[in-house]
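In the working numbering, the protein residues as written are 54 to 156.
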């Protein structure tokens, strides 16, 4: 019905393969304007580091899935960088003692 301004983020599965995924150029994390019914090619340039074959965690890996989620951009929205060391969940210690259920 109307143009939409959106932004994409990518996902890589299995997660263990992400270490070997090298993105060279991508439309992701940049705003895109799409008109109603418009079709666009959004190229991605990447390579998989050949050292992945030496990783025992990926020994039985037959495929890597690269997918994108496109969603409407909101004013002032800034996506967190998943590789930023300052962007880690915090775990606060709990002083609560778990209750034991009586039998």
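A virtual CB, placed ideally from N, CA and C, is assigned to each residue, including glycine.
Q: Check the Cβ-Cβ distances between residue 123 and every residue of chain C, and say whether any is below 8 Å.
A: Here there is only one protein chain, and chain C is not present.
Q) Can you name, in chain order, every residue of its own chain whose Cβ lies under 6 Å from the Cβ of residue 64, other than the five neighbours on each side? A) 120
Q: Return the Cβ separation of residue 55 and residue 89 in integer angstroms, given the expectation that the two are a contact with Cβ distance under 8 Å.
A: 7 Å
**Q.** For residue 119, the three-state DSSP class (helix, strand or coil)
**A.** strand
Q. Secondary structure at residue 105, three-state DSSP: helix, strand or coil?
A. helix
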